Structures are given as C-alpha cells and as structure tokens.
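For reference, the structure discussed in these notes is given below.
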Amino acid sequence: MHPRQTAHAPEDSRNRNPPSHAPNGASTPHWLTVLDRELIACTRCPRLVEYREQIARVKRRAYRNCEYWGKPVPGFGDPDARVLILGLAPGAHGSNRTGRPFTGDASGKFMYPVLYETGFANQPNATDRNDGLKLKDLYITAAVRCAPPANKPTPQELANCSSFLDREIAGLNKVRVVVALGKIGFDAYLNYLKRKKMLQGRGSYLFKHGAHYRMPDGKVLLASYHPSNQNTQTGKLTRKMFVEIFKQAAKFADESIGAPPGGSSHLTPKSGVRPAKSGVTS
Ligand code: SF4
8 MHPRQTAHAP EDSRNRNPPS HAPNGASTPH WLTVLDRELI ACTRCPRLVE
58 YREQIARVKR RAYRNCEYWG KPVPGFGDPD ARVLILGLAP GAHGSNRTGR
108 PFTGDASGKF MYPVLYETGF ANQPNATDRN DGLKLKDLYI TAAVRCAPPA
158 NKPTPQELAN CSSFLDREIA GLNKVRVVVA LGKIGFDAYL NYLKRKKMLQ
208 GRGSYLFKHG AHYRMPDGKV LLASYHPSNQ NTQTGKLTRK MFVEIFKQAA
258 KFADESIGAP PGGSSHLTPK SGVRPAKSGV TS
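Using the working numbering, the letters of the sequence shown correspond one by one to residues 8 to 289.
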C-alpha cells in the first residue's frame, strides 16, 4: 500500500474528475459541481476563448485523431485535500486537449511520477481523463483556466478568472499548504489574499524555489519552479528538487494541524503577517 493511503479516508470517496466525466461524481461536493459547470461555460476572456477553440480545431499533428477538450479546465483532485497546487494555466496541447490539469503533456510527465513517489497520487502516469488517476490529500488548480497564447495570460485575464479561484479556495476548506508552481501561481495567491483584505502589498514575500511562508490566513505558501519543459530540460528544476518540494508540503500539512490563522510559527515572526525570512529547501 502506498504510504499516504493509510492516513486518509478510502480514496473512492475523496476523488473527482471533471464533472462531465465523473464516474464517482456522487462524492463531488455540490458547490464544486456548480462551480465547475459555470467554469466550463465561461467566455469572459475573448482572446482566450478564441485561442483555446482554435487550438482544438487545428490540433497538433501528433494528436490529429484526438478530440480536444477546448474549454476552461476545472481543478482536479481531492476536495478534502490539505495541499493545493496552484499552477499557471492549461497547456495548449496538454490539458486544453485532455480536460484535466497537467494531463497529456511534458509538465505532467515530470510532475505525476513525483506526486506518486511522495504519496499524493495513486499512479505515476496521466494520459487522459479516464486513466484511473486519483489524487490523495491534494487538489490541483490554476490562476487561469483557459490556455493562453505563449503561456502568458494578461493581467485582465488573471483578474477575470480570479473569482473562480476565490470560490475554489473558499470551498477547499481543509487546505493548509499552497504549492505555487511558478511566479504567476505565487502572485495569484498573494493577489487572492489582497482581494480578501488579508494582505496590503506583496511585502517581503519573494518568489524563490523552495521559499516558504506562513501567510496571514494561516496557510503555508511554498514556492516551486514550474515543471515546464523550459525548466526541466535545462536542469533548473530537477526531479530531486521537485520531490523535496512535495515532501516539504506533506510535512507542513502535518505540522499545520492546530496552527491558528495568522498565528506564529517557525516560518514567521510573531505578527504572523510578514515572514522574517523565507526557508529554502533546495
Ligand atoms: S480564463 Fe477564466 S475567466 Fe477567462 S474565459 Fe477562461 S475560465 Fe473564463
């Protein structure tokens, strides 16, 4: 049995797929079903709507026989998770094709084996929505839910999509650790706290791989380089570094039990608002 399986409820009651393909959809909380339904129908960003649909029509040669998802991509994982991955946006031929985060692209090929090794996933591979993948104690979401050209959403598109993130974070009420993949994910969490009036500026919260901060909402924000090809092919992000991130996330999730929101911890000064320093794990 995988190590993390012993610590949690039976996995068949705690995992979900996108709603239109949810074999165990009965366990999906109502708020999440409603949220995902609205998300999938969203057309708020004209540039992204055009791009996601154009990619789905034109397709990449290697996937010409695939039916692309071509819509906003819902979050994926365990609604009772203590760890939340906050990524950037769907990949054009990855999750914009398959309809599930980090599924069917190089980033996912790098990430899911690490999640399996650290006990957050039941299998190392992620090819399509019906591949049997289940996450344990982990939920994956993104700052923007439609694939952006060149992986670069505009500030307006990030703002447009923020209401989905806010509702998701509110609903995922067991989350204790947010793993931000890349600076855009990191900033998306700071901006979420600003919208909630828990943060005024970005203060001394600096994005650096392995940096971790106790945030004013009591959660730990843990920064990681994004597992993009650009980072993994150049050695900027190695598998060892990424494994260490998720080992740290599991450790912080365990340590955070009973930590008061904004309370002091080894990660912050007594104010609980600003980090005295970031910890660097690798
Ligand atoms: S990025 Fe978000 S707000 Fe914009 S169209 Fe997609 S789902 Fe809607």
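Backbone N, C-alpha and C define an ideal beta-carbon position, used for all residues, glycine too. Here the structure is a predicted model, which is why all the values come from computation and not from measurement.
Nearest-angstrom beta carbon gap, residue j and residue i [assumed within contact, 8 Å]
| i | j | result |
| --- | --- | --- |
| L188 | G94 | 5 Å |
| A133 | F109 | 6 Å |
| L197 | P223 | That belief does not hold up - the Cβ atoms of L197 and P223 are roughly 11 Å apart, past 8 Å. |
Best match in the options for proximity to residue i [C-alpha to C-alpha]
| i | options | result |
| --- | --- | --- |
| F249 | T148, L179, S235 | S235 |
| G139 | T50, Y146, A128 | A128 |
| N72 | T125, D43, H100 | H100 |
| A150 | F214, A133, D173, R67 | D173 |
| P97 | P81, F259, E124, E262 | P81 |
| P120 | K247, K258, A256 | K247 |
| Y220 | T239, V184, K201 | V184 |
Euclidean distance between Cα positions of residue i and residue j
| i | j | result |
| --- | --- | --- |
| L91 | Y75 | 26 Å |
| T245 | P36 | 36 Å |
| R107 | G210 | 34 Å |
| H28 | T40 | Reliability of the predicted coordinates at H28 is poor, the pLDDT of 32 falling under 50, and the value obtained from them is presented with this limitation in mind. If I take the Cα positions, the gap works out to 12 Å. |
| T105 | D135 | 6 Å |
| G84 | K116 | 17 Å |
| R152 | P79 | 5 Å |
| W69 | L206 | At residue 69 the sequence reads Ala, which differs from the Trp that was named. Going from the Cα of A69 to the Cα of L206 covers about 45 Å. |
| A256 | G77 | 32 Å |
| F193 | F214 | 7 Å |
| L179 | I147 | 11 Å |
| L165 | K203 | 16 Å |
| P25 | L55 | The predicted model places P25 with a pLDDT of 44, which falls under 50 and marks its position as unreliable; any figure quoted below should be read in that light. Whole-angstrom Cα-Cα distance: 20 Å. |
| Q240 | P162 | 28 Å |
| G208 | I191 | 16 Å |
The ligand SF4 heavy atom lying under 7 Å from the CB of residue i
| i | result |
| --- | --- |
| N167 | yes |
| E175 | no |
| C73 | no |
| E148 | The residue you asked about is not Glu; residue 148 is Thr in the sequence shown. It does not: the Cβ of T148 is nowhere closer than 7 Å to a heavy atom of the ligand SF4. |
| R51 | yes |
| R152 | yes |
| F253 | no |
| F214 | no |
| L42 | no |
Status (buried if at least 16 other CB within 10 Å, exposed otherwise) for residue i
| i | result |
| --- | --- |
| D112 | buried |
| E57 | exposed |
| V65 | exposed |
| T50 | exposed |
| A177 | exposed |
| R59 | buried |
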